[in-house]
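Please read the structure below before turning to the comments.
There are 6 protein chains.
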Amino acid sequence: MTYLNELKDGDRISSVYLCKKAATLMTKTGKEYMSLTLMDKTANTDAKIWDPNSEGIGEFQELDYIYISGDVTVFNGTIQINIRRLRKAEENEYDPKDYLPMSPFDNDTMYSQLKNVIDTVKNPYLNKLLKSFFIEDPDFVESFRKCSAAKTVHHSFVGGLMQHTLTVTRLCKIYTKAYVGLDHDLLITAALLHDIGKVKELSQFPENDYTDDGQLLGHIYMGAEMISYHAKEIEDFPSKLLSELQHCILAHHGELEFGSPKTPELIEAYALHMADNTDAKLETFIEAVQGKERDKWLGINRPLGGNIRRTSEWTVKEDAST
Amino acid sequence: MTYLNELKDGDRISSVYLCKKAATLMTKTGKEYMSLTLMDKTANTDAKIWDPNSEGIGEFQELDYIYISGDVTVFNGTIQINIRRLRKAEENEYDPKDYLPMSPFDNDTMYSQLKNVIDTVKNPYLNKLLKSFFIEDPDFVESFRKCSAAKTVHHSFVGGLMQHTLTVTRLCKIYTKAYVGLDHDLLITAALLHDIGKVKELSQFPENDYTDDGQLLGHIYMGAEMISYHAKEIEDFPSKLLSELQHCILAHHGELEFGSPKTPELIEAYALHMADNTDAKLETFIEAVQGKERDKWLGINRPLGGNIRRTSEWTVKEDAST
Amino acid sequence: MTYLNELKDGDRISSVYLCKKAATLMTKTGKEYMSLTLMDKTANTDAKIWDPNSEGIGEFQELDYIYISGDVTVFNGTIQINIRRLRKAEENEYDPKDYLPMSPFDNDTMYSQLKNVIDTVKNPYLNKLLKSFFIEDPDFVESFRKCSAAKTVHHSFVGGLMQHTLTVTRLCKIYTKAYVGLDHDLLITAALLHDIGKVKELSQFPENDYTDDGQLLGHIYMGAEMISYHAKEIEDFPSKLLSELQHCILAHHGELEFGSPKTPELIEAYALHMADNTDAKLETFIEAVQGKERDKWLGINRPLGGNIRRTSEWTVKEDAST
Amino acid sequence: MTYLNELKDGDRISSVYLCKKAATLMTKTGKEYMSLTLMDKTANTDAKIWDPNSEGIGEFQELDYIYISGDVTVFNGTIQINIRRLRKAEENEYDPKDYLPMSPFDNDTMYSQLKNVIDTVKNPYLNKLLKSFFIEDPDFVESFRKCSAAKTVHHSFVGGLMQHTLTVTRLCKIYTKAYVGLDHDLLITAALLHDIGKVKELSQFPENDYTDDGQLLGHIYMGAEMISYHAKEIEDFPSKLLSELQHCILAHHGELEFGSPKTPELIEAYALHMADNTDAKLETFIEAVQGKERDKWLGINRPLGGNIRRTSEWTVKEDAST
Amino acid sequence: MTYLNELKDGDRISSVYLCKKAATLMTKTGKEYMSLTLMDKTANTDAKIWDPNSEGIGEFQELDYIYISGDVTVFNGTIQINIRRLRKAEENEYDPKDYLPMSPFDNDTMYSQLKNVIDTVKNPYLNKLLKSFFIEDPDFVESFRKCSAAKTVHHSFVGGLMQHTLTVTRLCKIYTKAYVGLDHDLLITAALLHDIGKVKELSQFPENDYTDDGQLLGHIYMGAEMISYHAKEIEDFPSKLLSELQHCILAHHGELEFGSPKTPELIEAYALHMADNTDAKLETFIEAVQGKERDKWLGINRPLGGNIRRTSEWTVKEDAST
Amino acid sequence: MTYLNELKDGDRISSVYLCKKAATLMTKTGKEYMSLTLMDKTANTDAKIWDPNSEGIGEFQELDYIYISGDVTVFNGTIQINIRRLRKAEENEYDPKDYLPMSPFDNDTMYSQLKNVIDTVKNPYLNKLLKSFFIEDPDFVESFRKCSAAKTVHHSFVGGLMQHTLTVTRLCKIYTKAYVGLDHDLLITAALLHDIGKVKELSQFPENDYTDDGQLLGHIYMGAEMISYHAKEIEDFPSKLLSELQHCILAHHGELEFGSPKTPELIEAYALHMADNTDAKLETFIEAVQGKERDKWLGINRPLGGNIRRTSEWTVKEDAST
């Protein structure tokens, strides 16, 4: 395929793209035309169909993969495609991976790592609870594996939620070894479940936007409620254990002003908050500087709090393992 | 010895204590007497010498270890010792460990772990810089090994600074493995040096209080300046590397309002801030709840932000390794 | 009965009081005694049993109503009762209303007003939902009718939650008439249910303190979850209606920093927040100034934000109806 | 008349509009032309007079109603009128209501409701004070009836100040019935007078912008001072009553950071603040969502604090009166 | 006289003191006695009259100067006077300066400096306005000369308001020389008048506390209103000049959250704010450290924002004039 | 020379300008051209070289002074110069003062005033320290005299740092006379040195932007460190004096959130902060209003906190000296 970020003035192209948006408009002279946003993993590009009722233009909808032929022009300094022919693409004509941002880590691998972590949770109630989500609920599993961890800023790609969940869980695992007095099973369970509400808060790709429920209720509330319903299905699930687990979910943003209705009151809740915050901030930093010049200041980055730049390269590269 | 927290009304004791404070006062009837604060690792206790000029009372000063004989009484509900005889103790009559709060980790072990970490820093300038502090400067090493990491709240014991430094360094080491794009040598060096200014900010035990310079300049400024002087002694130390390292020190409190004159602008500075904050908060939590009842709310904890309590005990105890 | 705020030095009394706290202590000379806090609606008073093993002292526990005989003395300027005889009181020997702070409004009247409001909600789903709580769930009804609306500050008395709920609902009813575009049924339902989580957040009188779940999860979360479970029992309850109703509950504190995980995004949520805040603040003001001198400044009142005093009396009193 | 929001490319029009702005400019070739902003209640539209010295263009000024003939064109996607003929309109050629945003409530009706409320204030001093403004000062009455309650955000239309004043007064009336201890006459007087400073703070329509005094002194200060001068004219007006009334005016924004130099220290001041805030916020919400699609999120609304949308329609519509 | 800070156990005294407070109380045995607070410029001291109805105890009231004879004892470590005889003192028996805290600067000198500054204001309206307060209004002048500038914290002594006003005016005078574009007459007038509202906000010594109007309206509002009334008496006082002057008064606290209803919008208003803030903060610092040890940290000082101490002495003392 | 702010459509010019930026670009048709930003003290102007390889276009770089010949045109309402010939200018063809913003005060005069102030510092250590910077370090002196005091907002011109330093020092000098207890020599030394770190924080004109070290370390840290190194060269410099001086530098922004790692703990530090803030704010105000219309509101000015305008002109102009 021809990636959208490679198009040049004068090109003639025939390729499949994802149609992110489509609208029928009217020229000043009263003639109908269509304005589309085409998308692949490299860019979003405007396209026009000046003669939408011509024979060469087939039926299609927003979010369809479409096969188009057309001419590339530059208008006001921006690339635009004038589409001459268009049809819905067949499933075998494209690979979704070319069209959506993806986690750099393999989805199957991450899922199997996640299942391994579940096995380390020995408390029978917590273990059953984790399996009720990650093993026994196929709809949940499918959503969870595809979902991003945020609309923008960090982990905003397919698999982002699972990648974030795994890193947070690994940091928590470290904490249980570095500090006495942390309950391993409670903390690891909370880490694995802390953002499950996001599968309801964010729609799936390519939209990846807040749902109505996401906007009204938020992933913190929805995640804690999901845990309540699942725990109710497990015989004799201890009510105090459930409350402590739900507290970890409710408090994981750390402060009321960041949307947690409770601040962390248990050490596991505090530890989860630190792990979540560490991964969110470092991943945000990495995504902000990667591919940038080392010597260039990039300006104020709101979530990180200040002006940032990539670090200079000084290290004499050798093995740096401990 | 008889620990101070075991004294009862009517006891007669003869034992060595650390004299934390001593003052000569006047009774309402115009008679001189002395008021002392005695200290061991279990408690601080008031003591009086009603006849300071008697033969049995030898010469001594604040912070001396003193051997006393006296009677225990209860006054206004508080234990008080009326001292009859007193002399400075010989060095072989006491073990300082009985008198000062100590890190639960062995001091020699921690120091040798720290030296091992230095060996993993391969950048020759940074490696030399670390050794100029932790190997080649015996005064610094002695202070660093004894110093606490804070006057109160967390790590407020002998060896606290080294314990905190090691844990922060370990978390940073984990980050370099979990995230791409972190400079191992810069981050580990910054982690090892981030709080060295505390050897000037806090006086040694048993005082463990802010020094005049600590109050006026703070450990953040003093630490960065110490690095500047040491780096000047290393031939060809790259100036940009020095600036980036000093930036990590200056920014490690994360926000201006917490006393950093710069917010983290490099990813290593951000990572150091997260590790420092994680250890400070989790250690504060651990020290606040340890030994407390599991079901009892302990009230608002200012540094942690809310009401806290120990977690209930649910875990079926088995091996929880990954 | 003899009210506790009427006791004088030298009185001999025989009366029933509520035993709020009881502890067995030791005198300095090693003798056991008991220290009690007695309570009626007028005051809390210390009492001592110097001879707890005497024949005249019967079995009892904290929160029992106890019949005592004893002598009133003044110790350090404070009234104290030295108890000579004590036994648990029979149910017919006391009226709980004499021992607990009560709403100035009649409990039965308020409950019947509340049922009348439910009838004005015509949306069948919302009407069923309200009845599932306020009519068909006797345990909930009993708790709701007795519960306070807060541990301190305002409505901290038996019936306080119902009184607050009714006033908030009345203000919301006014809003639906004063403004176009407010959904009457959604708003009135949200008003009636907005604080139901408090029956789980606060324990019943005389304790009236945060429960463990109240501290860990809070009434905002628990109230929204309770609605979820009840709505699930109602056939075809529209999911969007449920989300909008739950949003009103979650957002009713108005701002994240006051513990709402969402700010009001629907006008009914905003209206509920204004009504809740209006009643909380005006009731707090009323309770703070009532009974105080008109000319005296009472000092800073934290929830109200400043120094307050009662208003002077100027009005020529006549009928002031519109 | 032809409303400005109905114009289409190619129309020829002859109609009266309000000339909001007019400026004489120079083309790049050095020729004079005029650029106008025409206004009616539906829109603001640009217009040009390319030959301002032609015979058909009469004398006029900004804020005149002008009768124009011209051609409608589209330039850069925006409607523009090229004016061929222009003259000042006669008073009988237009109705100001077509040109300015108006309150949905009838101005005379609101004014007579306001006078009725004054009659319910029985305190003779307060009653006289209210009449000195709302009955006996015709200039004030005229300004007050036309003034908006704000430059933008809410009640930004002719009659807005009176509409806001009435609603705030009604809410306060409700409070005097729902709560004991509120002084009816003081509160109602304060409600009626709370924003009178706005007749000096904002200029009249069509400008409706901050005056120089409005910017320098603000309506809170000016309103309190106006009351001082009027009260001085009333014999024996009690000075403490005046201070308490002025306090209500000064404190009605509730917090220092919203421009009140005092926080509410009397319950009437607090009640006024709650009523003012309730109407400001709910009216802001109503104006923000009215006419919008029910399912569409409208983005962050600064004064309201978050993302907002209209509520879905669920209510089974029947009579909902209590 | 015998100053209160010089009394010792066992002294017999006969001297005049100011009676700041007096209350009649009852002993536990039901006998009446009186408890007084005596005051001079060095201290406040408790005194008791155990036999208030004896012949030797004359009539007196709070705030009278009283001549007493009595015995000094120490009770609970505090000095107490047992009064045997008491009568109101004659005016010639005491000098008020011995009883109230006084500005270190001579009152007459300050007043004549202030009059000199008025002469430098050449704008005839502003000059007349200043004279209408500081020359032609004897009641105002008397209050202004005696008033403090604050209840506590800084300038809390007789003459404090005039001292503060003079220093602020001097700083403003400097600014008019150091910066172009400052209107000398407007700024100096604003400086002289900026705190005149304090003569109504604070009661005179020895009470020196907030008045009811001071609490309800504040000196910022009252000062601006006083200027309004005075300016109205001056023929043709330009209204814009009045608004700009009042703005300077309203804005002189600099930020809304410090009680100014407007932030400084004119450069003279900003300059006045800087001068007022400079004098308030430096005088607060001086009063906080004077007489303290140079090497001792004094703890957090709220208005100044941190821990403070006196500076060490290093300067080689010679003439340091420029 | 022809100043850039005087150019008109159609002019032909030949003059020297400073080339602030230069970039080689490609037209849509693939032809190379150059886009330049030319600068003098009156304006920045775009210029194009459509035929960069022609013989008339000589070698040059960004920040060169260049002699150009070209034609002035208006494009999209903006002036643009089409350059036909270009060469680097000789040093004698231009005067840098015509090209860079300059302090209104003469540089030599300011420097000699600064040296005079140094002579008033009698403490021998501080006097030596000041001379080590301002007399004996020619590189520092040259940078200090040219540097601005800020990138934007205030004193953003050649000599700005020295002008700001002098005014702050003068205000401090006034304080030492107005208040007892200020150490003249410490305060004046701190004032003179408080912003020396800016010579490293900001690059020289015409760039005048943050350096990499300025961004990473900031002028507060760098200034304090510079003082440390200089003091080390002075025999017997008292360490406590050095700490107090460095504290003044570290604390001069007054609050942590403005980048000071310590709040002012000594009165000299507080005084320096007030002087620095006064000059920064008043100079910002002056630069914001100068040349603006007196009656026009200029909108919100972020550093000053609100909407601002120039003051009206009322003063009867006569001599206003004290």
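Chains as they are written, first to last, in my numbering: chain A, 33 to 354; chain L, 33 to 354; chain E, 33 to 354; chain W, 33 to 354; chain Z, 33 to 354; chain B, 33 to 354.
Using N, Cα and C, we set each Cβ at its ideal position, and we do this for glycine too.
State whether the region 116 to 131 of chain Z contacts the region 167 to 187 of chain Z, with contact taken as three or more CB pairs (one from each stretch) at a distance under 8 Å.
no
Find the residues of chain L that neighbour Q25(E), judging by a C-beta separation of less than 7 Å, and give them in chain order.
Residue 25(E) falls outside the range modelled here, since chain E spans only 33 to 354, and no answer is possible.
With 8 Å as the threshold, decide whether the Cβ of Q322(W) is near any Cβ in chain E.
Yes - at least one Cβ of chain E is within 8 Å of the one on Q322(W).
Using CA atoms only, rank isn't needed, just tell me which of H226(E), E239(E), I332(E) is closest to H25(E).
Not covered by the structure: residue 25(E). The range shown for chain E is 33 to 354.
Alpha carbon to alpha carbon, what distance is there between V200(E) and D311(E)?
6 Å
Suppose you measure from the CA of L146(E) to the CA of L198(E); what does that come to, to the nearest Å?
7 Å
Cutoff 7 Å; reference L132(Z); Cβ partners in own chain excluding five residues on either side:
For L132(Z), where only same-chain residues beyond five positions count, the Cβ hits under 7 Å are K73, V190, F237, P238.
Proximity to L288(B) [Cα-Cα], best of L68(L), I252(L), L274(L)
I252(L)
Which residue or residues does DSSP assign as beta-bridge partners of F189(E)?
Paired residue(s): none; F189(E) is not in a bridge.
Between the C-alpha atoms of E94(B) and R326(A), what's the straight-line distance to the nearest angstrom?
Going by the C-alpha atoms only, they are around 22 Å apart.
S275(B) at chain L interface by Cβ criterion, 8 Å:
yes
Pull the bridge partners of M66(W) from the DSSP assignment, please.
DSSP lists T56(W), I81(W) as partners of M66(W).
With the cut-off set at 8 Å, would you say Y99(A) and A121(A) are in Cβ contact?
yes
Using a Cβ-Cβ cut-off of 6 Å (strictly less than) and excluding sequence neighbours within five positions of C280(A), which residues of its own chain qualify?
A222, E300, A301, L304
Can you confirm whether G213(B), when its beta carbon is compared against all beta carbons of chain D, has any partner nearer than 8 Å?
Absent from the structure: chain D. Protein chains present are A, L, E, W, Z and B.
Chain W contact for M142(E) (CB, 8 Å cutoff):
no
Could one say the Cβ of A352(W) lies closer than 8 Å to chain E's Cβ atoms, at least one of them?
With a pLDDT of only 40 at A352(W), under the threshold of 50, the placement of this residue in the model should not be trusted; the figure read from the coordinates follows. It does; some Cβ of chain E falls within 8 Å.
Reduced DSSP category for R369(E) - H, G, I as helix; E, B as strand; rest coil
The question about residue 369(E) has no answer, for chain E in this structure spans 33 to 354.
List the DSSP bridge partners of V149(L).
Partner(s): none; V149(L) has no beta bridge.
Measure the CB-CB distance between M71(W) and Y49(W) and report whether it falls below 8 Å.
yes
May I ask whether a heavy atom of the ligand HEM can be found less than 7 Å away from the beta carbon of H262(A)?
The ligand HEM is absent from the structure shown, which contains no ligand whatsoever.
Since L118(E) is in the beta strand (DSSP E), which residue starts that stretch and which ends it?
It spans 110 to 120 - the beta strand (DSSP E) in which L118(E) sits, taken as one unbroken run.
Alpha carbon to alpha carbon, how far is Y207(A) from G246(E)?
Whole-angstrom Cα-Cα distance: 28 Å.
Nearest by alpha-carbon distance to G337(L): which of Y242(A), N309(A), T295(A) is it?
T295(A)
Pull up the distance between the alpha-carbon of G331(Z) and that of K129(Z), whole angstroms please.
32 Å
With 16 as the cutoff for other CB atoms within 10 Å, does I167(L) come out buried or exposed?
The Cβ neighbour count for I167(L), taken over all protein chains shown within 10 Å, is under 16; the residue is labelled exposed.
Endpoints, the beta strand (DSSP E) within which F107(A) is located:
97 to 107
Pairing CB atoms from the region 35 to 44 of chain W with CB atoms from the region 315 to 326 of chain W, are three or more of them under 8 Å?
Result no; under three Cβ-Cβ pairs closer than 8 Å.
Can you look up C51(L) in the DSSP assignment and give me helix, strand or coil?
strand
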